[in-house]
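Residue numbers for the sequence shown, in this note's numbering: 16 to 111.
Note that the Cβ used here is the ideal one computed from N, Cα and C, for glycine as well.
Predicted, not measured: the structure shown is a model, and the values here were computed from it.
Some notes on the structure that comes next.
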Amino acid sequence: MIIRQIEAHDLAEIAKWEREISKISFGEEAITDLAFHLRKLEKAMIRERSGMMVLDIDGCAAGWMWMSFRVNSVTQDAYLQFRSFYIMNPFAVQQA
16 MIIRQIEAHD LAEIAKWERE ISKISFGEEA ITDLAFHLRK LEKAMIRERS GMMVLDIDGC
76 AAGWMWMSFR VNSVTQDAYL QFRSFYIMNP FAVQQA
């Protein structure tokens, strides 16, 4: 198991996961257009690649976490915003 930065060949799979996250988070109002999620990830890789991490198991993407570095506009304190977290089955913990 390896945790590494996102690579271009991961984008198609992660766009599907982002679509799934959108469905879970927003229900009927979710953005389900796969091309939208792909474009969003491509643009984000330019600015935020260092916070876009992939769980790699046996050479295959099995999970994903996207963190963005932010600075509080009032206090100027730095923090990480967790934007996405996804682990695909069968690696996700199953409820009994």
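Where residue i falls: helix, strand or coil (DSSP)
| i | result |
| --- | --- |
| A93 | strand |
| I72 | strand |
| S88 | coil |
| A50 | helix |
Beta-bridge pairing of residue i - partner residues as DSSP gives them
| i | result |
| --- | --- |
| M67 | W81 |
| F100 | M80 |
Assumed close pair residue i, residue j - CB separation to whole angstroms, cut-off 8 Å
| i | j | result |
| --- | --- | --- |
| Y101 | I36 | 6 Å |
| L70 | F84 | At roughly 21 Å, the Cβ-Cβ gap does not stay under 8 Å, so L70 and F84 are not in contact. |
Enclosing beta strand (DSSP E) for residue i [first to last residue]
| i | result |
| --- | --- |
| I17 | 17-20 |
Residue nearest to residue i in terms of C-alpha spacing, selected from the options
| i | options | result |
| --- | --- | --- |
| E22 | F97, A59, I46, F51 | A59 |
| R62 | I29, A77, W81, A50 | W81 |
| L77 | K38, M67, M103 | With the sequence shown as reference, residue 77 is identified as Ala, and Leu is not the correct amino acid for it. Nearest of K38, M67, M103 to A77, Cα basis: M103. |
Residue range of the unbroken alpha helix (DSSP H) whose run includes residue i
| i | result |
| --- | --- |
| E43 | Careful: E43 lies outside any alpha helix (DSSP H) and carries neither H nor E. |
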